[in-house]
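*Asks:*
2 protein chains.
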Amino acid sequence: MKQTRKSRAEIRQAILDAAISEFAREGLEGTSTQTLAKAAGITKAQLHYYISSKEELYEDTLLHIVELWKGLFFFSADPGDPAREIADYIARKVHHAIEFPDASRLFAREVARGAPVLRQHWAGLQDNVNLASGVIEGWIAQGQIQPVHPVMFQMNIWAVTQHYAEYEAQARFLLGTPDDEKLDPGPIIAEVTELFLRRCGLQPIPDEASS
Amino acid sequence: MKQTRKSRAEIRQAILDAAISEFAREGLEGTSTQTLAKAAGITKAQLHYYISSKEELYEDTLLHIVELWKGLFFFSADPGDPAREIADYIARKVHHAIEFPDASRLFAREVARGAPVLRQHWAGLQDNVNLASGVIEGWIAQGQIQPVHPVMFQMNIWAVTQHYAEYEAQARFLLGTPDDEKLDPGPIIAEVTELFLRRCGLQPIPDEASS
DNA sequence: AAATGGTTTGACCTATTGGTATGAAATATG
DNA sequence: CATATTTCATACCAATAGGTCAAACCATTT
């Protein structure tokens with residue numbers, strides 16, 4: 008039987024996974040190419056065959072995450088019921104934070120150091136935020152929700168949902184979740200949703216009998 | 008006149024300040040003793056005269072911050088009006104996040120990497136949270152506020168207030184605050200306070216004409 | 001089987017890392 | 001003023017950093 012080499016795609020994926028988790032834990036400067044290579048299961052020289060520099064890998068990794076998020080996190084262009092729209096958004100965001108905390112942490116880390124890399128890609132972010140602000144302002148104008156500051160409303164949702172990724176260790180401790188279990192998204196989604204729906208003067212959606 | 012040396016106290020303070028801002032930006036592994044020394048205005052060898060290792064400085068710096076926070080951030084033991092109590096807490100927390108974002112960021116960074124250093128000091132944190140939970144449960148029992156999950160309620164306040172330190176760069180961008188100005192705490196406090204008071208079924212305090 | 005091309009490797013480069021040794025300089029004490 | 005003690009700077013250490021290189025490897029095409 009032929010012991011075939013791993014494909015380029017497999018190796019690239021391993022490098023990306025390693026980059027997300029290592030950069031998320033110790034940051035760009037704090038992660039060595041040695042560590043990165045080991046985490047990806049390859050040698051340092053091999054790593055440099057696939058990437059041209061650590062900085063470039065860092066940037067690519069961040070952009071990969073942001074690109075993915077663009078498809079996941081915004082209000083739908085065709086906004087329906089505000090309560091449902093907001094509740095869905097929160098549920099998606101919390102699930103992602105709990106399921107892929109490293110990606111959330113890496114993003115947070117980059118912003119916390121002043122976003123030297125992401126800054127130049129913030130035009131796209133701005134667009135998404137403005138779009139959502141438009142939706143929110145429409146709801147307010149039609150009397151469907153109480154007046155809110157559209158941008159801060161979005162930032163605060165972001166803040167709370169991200170929190171369960173960034174402060175996972177603390178949340179685990181305070182909520183009593185064992186180290187080998189993921190946080191239970193149910194109660195978190197319930198509490199966060201109620202927080203923001205009440206802010207809008209809306210009732211929480213009774214219950215979700217599906218998925 | 009004698010050009011006297013800086014006192015131990017001055018130098019120690021300079022080292023602490025440097026540690027907070029440098030560790031906050033690039034983390035423990037990402038900050039070199041060289042950088043630390045330069046930021047404190049001394050030589051590397053001189054730095055090592057005052058500290059025994061980078062790790063120890065990191066730990067001391069974190070504990071210094073946490074100790075300070077213990078005196079700043081908790082509900083008063085003698086809780087008065089819930090609305091006032093919560094509003095005051097939020098105002099204090101937001102002001103601190105905007106005024107000393109580096110300390111907030113350093114703390115966040117440590118928790119994000121799993122709190123390997125802070126973990127052993129979390130008993131004290133637990134106590135504070137439990138105390139506040141008691142207060143909140145008291146309010147609920149007496150029908151003064153709507154039922155909330157006491158721990159998550161606190162975590163969410165923490166999440167939102169911290170956000171304006173950790174995501175300062177992004178908040179600046181989205182709110183249009185120039186680089187040379189601090190964030191304006193007024194509107195932030197107003198929006199955040201309304202968010203959490205409404206969650207409790209309370210009205211925002213009309214205005215602050217007295218103390 | 002030979003030639004081809006992408007892939008992998010270990011040895012190696014220079015710069016920087018955290019930390020130290022030692023003696024000079026400044027200060028405090030007699 | 002002389003001595004003792006604290007503080008500081010230069011030079012240095014082994015270890016590790018990011019990155020390169022030529023030679024070896026291996027799957028494919030001919």
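Protein sequences appear in the order of chains A and B.
The C-terminal residue of the first sequence carries number 218 in the numbering used here, and the numbering is unbroken.
The C-terminal residue of the second sequence carries number 218 in the numbering used here, and the numbering is unbroken.
For every residue, glycine included, the Cβ atom is placed at its ideal position computed from N, Cα and C.
Given B:Leu23, which residues of its chain have a CB within under 7 Å of its CB, disregarding the five upstream and five downstream residues?
*Replies:* Answer for B:Leu23: Thr68 and His71, listed in chain order.
*Asks:* State the Cα-Cα distance for the pair A:Glu53 and A:Ser59, rounded to the nearest angstrom.
*Replies:* Glu is not the amino acid found at residue 53 of chain A; the sequence shown has Gln there. Distance between the alpha carbons of A:Gln53 and A:Ser59: 11 Å.
*Asks:* Along the segment 166-183 of chain A, what residues have a CB closer than 7 Å to any CB found in chain B?
*Replies:* Flagged, chain order: Ala166, Val167, His170, Glu173, Tyr174, Ala176, Gln177, Ala178, Phe180, Leu181 and Leu182.
*Asks:* Compute the distance between the beta-carbons of B:Ala90 and B:Gln169, then report whether it is under 8 Å.
*Replies:* Contact flag unset, no.
*Asks:* Is there a C-beta anywhere in chain A that falls below 8 Å from the one on B:Ile152?
*Replies:* Answer no: the Cβ-Cβ gap between B:Ile152 and chain A never drops below 8 Å.
*Asks:* Are the CB atoms of B:Tyr57 and B:Ile18 within a distance shorter than 8 Å?
*Replies:* Against a cut-off of 8 Å, the Cβ pair of B:Tyr57 and B:Ile18 comes out as a contact.
*Asks:* So that I know if they touch, is there some Cβ in chain A lying closer than 8 Å to that of B:Gly34?
*Replies:* It does: the Cβ of B:Gly34 has a partner Cβ on chain A nearer than 8 Å.
*Asks:* Where B:Glu175 and A:Trp146 are concerned, what is the direct C-alpha to C-alpha distance, given to the nearest angstrom?
*Replies:* One C-alpha to the other measures close to 28 Å.
*Asks:* Between which two residues does the alpha helix (DSSP H) containing B:Lys189 stretch?
*Replies:* Premise fails: B:Lys189 is in no alpha helix (DSSP H) and is neither H nor E.
*Asks:* Could you give the DSSP three-state label for A:Pro2: helix, strand or coil?
*Replies:* With chain A running from 8 to 218 in the structure shown, residue 2 of chain A is simply not present.
*Asks:* Count the other C-beta atoms from every protein chain shown that fall within 10 angstroms of the C-beta of B:Arg15, then say buried if there are 16 or more, exposed otherwise.
*Replies:* Exposed, since its Cβ has fewer than 16 Cβ neighbours within 10 Å.
*Asks:* Cα separation between B:Leu209 and B:Val155?
*Replies:* Each residue's Cα considered, the two are about 13 Å apart.
*Asks:* In this structure, how does DSSP classify B:Lys13 when only helix, strand and coil are distinguished?
*Replies:* Three-state result, B:Lys13: coil.
*Asks:* Between which residues of its own chain and B:Thr184 is the CB-CB distance below 6 Å, once the five residues before and five after are set aside?
*Replies:* Same-chain partners within the cutoff: Leu190.
*Asks:* With a cut-off of 8 Å, does the C-beta of B:Glu188 fall near any C-beta of chain A?
*Replies:* It does not: the Cβ of B:Glu188 has no partner Cβ on chain A nearer than 8 Å.
*Asks:* Check whether chain A comes within 8 Å of B:Glu92, counting only Cβ atoms and requiring the distance to be less than that.
*Replies:* No - not a single Cβ of chain A is within 8 Å of the one on B:Glu92.
*Asks:* Pick helix, strand or coil for A:Ile195, following the three-state DSSP scheme.
*Replies:* Helix.
*Asks:* Using a Cβ cut-off of 8 Å, pull out every chain B residue sitting near A:Ala122, in sequence order please.
*Replies:* Neighbours of A:Ala122 on chain B, chain order: Ala176 and Gln177.
*Asks:* Please report the residue range of the alpha helix (DSSP H) in which B:Val124 lies.
*Replies:* Counting along the chain, B:Val124 falls outside any alpha helix (DSSP H), and DSSP gives it neither H nor E.
*Asks:* Measure from the alpha carbon of B:Arg32 to the alpha carbon of each residue in A:Ser28, A:Gly37 and A:Val136, then state which is nearest.
*Replies:* Of the listed residues, the one whose Cα sits closest to B:Arg32 is A:Gly37.
*Asks:* Could you tell me the alpha carbon to alpha carbon distance between A:Ile152 and A:Glu201, rounded to whole angstroms?
*Replies:* In a straight line, the C-alpha of A:Ile152 is about 14 Å away from that of A:Glu201.
*Asks:* Could you check whether the Cβ of B:Val73 sits closer than 8 Å to any Cβ belonging to chain A?
*Replies:* No, no contact with chain A.
*Asks:* Pick from A:Gly121, A:Phe30, A:Glu29 and A:Ala25: whose alpha carbon is nearest that of B:Asp186?
*Replies:* Taking only the C-alpha atoms, the option nearest B:Asp186 is A:Gly121.
*Asks:* Report the neighbours of A:Pro192 on chain B: residues whose CB is nearer than 7 Å to its CB, in chain order.
*Replies:* Within chain B, no residue comes near A:Pro192; the closest Cβ sits about 12 Å away, beyond 7 Å.
*Asks:* For B:Thr50, which of helix, strand or coil comes out of DSSP?
*Replies:* It is coil, neither helix nor strand.
*Asks:* Anyone know if the C-beta pair for B:Leu181 and A:Val158 falls short of 8 Å?
*Replies:* Yes, they are a contact pair.
*Asks:* With distances taken Cα to Cα, identify the nearest neighbour of A:Glu63 among A:Phe30, A:Ile164 and A:Ala94.
*Replies:* The shortest Cα separation from A:Glu63 among A:Phe30, A:Ile164 and A:Ala94 belongs to A:Phe30.
*Asks:* Is there a Cβ of chain B sitting closer than 8 Å to that of A:Val199, yes or no?
*Replies:* Yes, contact with chain B.
*Asks:* Which residue marks the beginning of the alpha helix (DSSP H) containing B:Ile105, and which one marks its end?
*Replies:* Start and end: Pro89 to Glu106.
*Asks:* Straight-line CA distance for B:Gly141 to B:Gly131?
*Replies:* The alpha-carbon atoms of B:Gly141 and B:Gly131 are separated by roughly 16 Å.
*Asks:* What separation, rounded to the nearest whole angstrom, lies between the Cα atoms of B:Glu198 and B:Leu138?
*Replies:* In a straight line, the C-alpha of B:Glu198 is about 26 Å away from that of B:Leu138.
*Asks:* Given a threshold of 16 other Cβ atoms within 10 Å of its Cβ, counted over all protein chains shown, does A:Glu188 qualify as buried or as exposed?
*Replies:* Per the 10 Å Cβ criterion, exposed.
*Asks:* Using a Cβ-Cβ cut-off of 7 Å (strictly less than) and excluding sequence neighbours within five positions of B:Glu173, which residues of its own chain qualify?
*Replies:* Excluding sequence neighbours, B:Glu173 sits near Ser111, Arg112 and Ala115.
*Asks:* Go ahead and pull the three-state DSSP assignment for A:Gly150.
*Replies:* Three-state DSSP puts A:Gly150 in coil, outside helix and strand.
*Asks:* Can you tell me the Cα-Cα spacing of A:Ala47 and B:Cys207, whole angstroms?
*Replies:* Straight-line Cα distance between these residues: approximately 48 Å.
*Asks:* Just to make sure I have the definition right: I need the residues of chain B whose C-beta is within less than 7 Å of the C-beta of A:Val158. Which are they?
*Replies:* Those are Leu181 and Leu182, listed as they occur along chain B.
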